[in-house]
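Chemist:
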């Protein structure tokens with residue numbers, strides 16, 4: 001199936017951040033980001049679908065899919081391509097876009113999976129006060145058409161790592177749910193956050209982490225959708241709201257990174273070998289989940 005290339009991740013992130021913040025007020029950066037994603041997906045052999053949810057240049061999702069063989073429920077993979085104003089958004093979320101492009105490259109060739117894979121590059125995640133605009137519009141379209149989509153795995157900031165002791169903090173959700181997080185005081189793991197029905201998906205990502213060399217620590221967190229707190233802050237949320245599965249794969253952003261939503265969120269602050277391991281773990285999970293006819 002191939003390997004995830006840390007150098008390729010770096011190149012994607014460098015190019016995505018070169019034009020500054022991918023924010024709705026920066027039309028040049030928006031256009032460059034969309035062109036970058038489209039060009040690479042096309043180069044991998046995909047037909048790219050532009051899914052507009054408004055008239056503004058930034059109100060765009062880009063979709064590409066690898067058709068499956070069994071006609072079962074679609075498995076979607078997502079990442080938001082936009083960033084906040086004032087930040088180049090290397091970790092948040094050029095790292096997620098880079099990882100998703102690498103996944104698209106990996107799954108573009110070889111035997112077709114049993115289940116159709118759809119790669120979704122969402123706009124409008126970083127909108128205030130109403131976030132997740134692109135994914136919300138996409139899920140609304142799924143509801144309107146009745147398309148059978150089981151859920152989504154979202155890559156949300158996957159490149160920051162700090163192995164020093166006590167470099168990781170957590171919101172109060174661990175205490176509230178009775179989860180002991182004391183072993184995860186080093187910011188060297190990836191979190192996989194899903195709702196309570198996503199156990200098989202979380203287990204697949206955990207297995208993907210263990211399959212890496214060296215093993216990648218994965219913290220699987222099944223949370224009640226109505227009590228997810230900071231676990232409900234990305235494009236998986238509209239899927240939860242529609243009754244679908246949703247998992248967010250994340251380095252936990254501001255709970256470890258001092259660069260979150262700041263001008264200092266640059267590629268040189270990231271650990272691209274870590275990001276490559278995270279992407280490879282997700283690829284392992286997707287490969288397993290996509291081989292299951294009719295859903296997990």
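In my numbering, the protein residues as written are 1 to 296. For glycine and all other residues, C-beta sits at the position ideal for the given N, C-alpha and C.
(1) Compare the C-alpha of residue 244 against each of 138, 279, 259, 214 and name the closest.
(2) Can you check whether the CB of residue 112 is closer than 8 Å to the CB of residue 13?
(3) Should residue 265 go down as buried or exposed, given a rule of 16 or more other Cβ atoms within 10 Å for buried?
(4) Please identify the residue among 229, 216, 230 whose C-alpha is closest to the C-alpha of residue 284.
(5) Mind checking who residue 187 pairs with in its DSSP beta bridge?
(6) For residue 15 and residue 36, what's the separation of their Cα atoms in angstroms?
(7) In the DSSP assignment, the alpha helix (DSSP H) including residue 28 goes from what residue to what residue?
(8) Would you call the CB atoms of residue 125 and residue 251 closer than 8 Å?
(9) Return the chain-ordered list of same chain residues with a C-beta closer than 6 Å to the C-beta of residue 231, the five sequence neighbours on each side being excluded.
(10) Based on Cα-Cα distance, which residue from 206, 85, 208, 249 lies nearest to residue 153?
(11) Can you have a look at residue 135 and say buried or exposed, based on whether 16 or more other CB atoms are within 10 angstroms of its CB?
(12) In whole angstroms, give me the CA-to-CA distance for residue 32 and residue 259.
(13) If you draw a straight line from the alpha carbon of residue 78 to that of residue 275, how long is it in whole angstroms?
(14) Whole angstroms are fine: how far does the CA of residue 180 sit from the CA of residue 45?
(15) Under DSSP, the beta strand (DSSP E) around residue 61 begins and ends at which residues?
(16) Which class does residue 273 belong to by DSSP, given the choice of helix, strand or coil?
(17) What does the alpha-carbon distance come out to for the pair residue 165 and residue 242?
(18) Would you mind stating whether residue 73 and residue 5 have Cβ atoms separated by less than 8 Å?
(19) Return no unless some Cβ of chain B is closer than 8 Å to the Cβ of residue 123.
(20) Which of the three DSSP states is assigned to residue 3 in this structure?
(21) With the cut-off set at 8 Å, would you say residue 85 and residue 17 are in Cβ contact?
(22) What does residue 192 pair with, by DSSP beta-bridge criteria?
(23) Taking DSSP as the reference, what is the three-state secondary structure of residue 107?
Modeler: Reading it off the structure:
(1) Nearest C-alpha to residue 244: 138.
(2) Not closer than 8 Å, so no.
(3) Looking at its Cβ environment, which holds 16 or more other Cβ atoms inside 10 Å, residue 265 is buried.
(4) 216
(5) 162
(6) 8 Å
(7) 27 to 43
(8) no
(9) 193, 223
(10) 249
(11) Burial call: buried.
(12) 23 Å
(13) Rounded to the nearest whole angstrom, the CA to CA distance from residue 78 to residue 275 is 16 Å.
(14) When rounded, the distance between both Cα atoms is 45 Å.
(15) 60 to 66
(16) Residue state, collapsed to three classes: helix.
(17) 39 Å
(18) no
(19) This model lacks chain B altogether; it includes just one protein chain.
(20) coil
(21) no
(22) 220, 249
(23) helix
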